[in-house]
Structures are given as structure tokens and as C-alpha cells.
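Have a look at the structure below, then the notes.
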Amino acid sequence: MEVTKLVCIGCPKGCNLTVEHSGKEIDKISDYGCKIGLEYAKNEFTEPKRIITTTVKIKSGDLPFVPVKTKDPVKKEKIYAVMKEISELEIESPVRVGDVVVANIAGTGVDLVCTRNIKKVS
Ligand code: SF4
Numbered sequence: 031m032e033v034t035k036l037v038c039i040g041c042p043k044g045c046n047l048t049v050e051h052s053g054k055e056i057d058k059i060s061d062y063g064c065k066i067g068l069e070y071a072k073n074e075f076t077e078p079k080r081i082i083t084t085t086v087k088i089k090s091g092d093l094p095f096v097p098v099k100t101k102d103p104v105k106k107e108k109i110y111a112v113m114k115e116i117s118e119l120e121i122e123s124p125v126r127v128g129d130v131v132v133a134n135i136a137g138t139g140v141d142l143v144c145t146r147n148i149k150k151v152s
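First residue of the sequence shown? That's 31 in the numbering used here, and the numbers climb one at a time after it.
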């Protein structure tokens, strides 16, 4: 039996979660303060995912970059591929919150969306 410690990011309390496991098989999860921590530990141990937030270059906008995020979390191992694809993007203004910048970015099955309105200028 092995033990892995994780810090829950579900709220500021930051419970120190304990996952007892045999290789990749979870035997027991303890030290969580609520169900969010239990789910977090399960997901983080078996298939860690993250929401990616960053910016994309935009042409003729009232700002030179538009903030974007993945609509859902993506697998941690795909983060580099997603960031590489984002770094090569330059989109056209105007855009609105929720507009899809790239569907199924880097083959993750997750869309990249705008999180701010950008007007077209000149
Ligand atoms: S387990 Fe619950 S109480 Fe503890 S940090 Fe996570 S969300 Fe907060």
C-alpha cells in the first residue's frame, strides 16, 4: 500500500487529502472536509485536469490581446499542446464573451472561448 498526499483546491481551507493506493488503484481516500475534496482527490489521482486561462493576439481590436479560457478542464498531459496551438493564433476582432476561438483545441474535445468583449477599431 502506498500513500499520496494532495492539497484540495476546492476552497481556502486547503484540506490535506490522503489517498491510499496500490499502484494506480485507489484503496481509500481520507482527511477531506466535504464531498468536493473526495471528488477532487479521485479525479486528481486518476486523471488530473485543469482549466487553461491565457490570452490570444487579436487584429484591429481595442486591445491587442483577448483573454480566453478552455470551456472545460483539459487533461494535464495535453496542456503543452493546447498552449502551443494558442501561441500560434491571431484572431479577427470584434469578439464577444463566449465566442469559440478554436473548437476541440489540440484534439482535447474542449473548446477555447473568449472571456471578454473586444471591439474593432480602425
Ligand atoms: S475538502 Fe471541502 S472543506 Fe476541504 S478544502 Fe476541499 S472543498 Fe474545502
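Note that the Cβ used here is the ideal one computed from N, Cα and C, for glycine as well.
Sorry if obvious, but does the Cβ on Lys-43 come closer than 7 Å to a heavy atom of the ligand SF4? yes
Length at least 3, wholly inside the segment 66-137: the beta strand (DSSP E) runs in chain order: 83-89, 95-100, 120-122, 130-132
So Lys-58 is in the beta strand (DSSP E); what residue range does that whole segment cover? 55-60
What would DSSP say about Lys-43, mapped onto helix, strand or coil? coil
Which residue comes first and which comes last in the beta strand (DSSP E) that contains Cys-144? 142-144
Neighbour-count burial assignment, Ala-71, 16 or more Cβ in a 10 Å radius: buried
So the beta strand (DSSP E) Val-37 belongs to, where does it begin and stop? 32-37
Ser-52 bridges to which residues according to DSSP? Glu-55
What do you reckon, are the CB atoms on Leu-36 and Glu-74 nearer than 8 Å? yes
Rounded to a whole number of angstroms, what is the C-alpha to C-alpha distance between Cys-41 and Val-96? 28 Å
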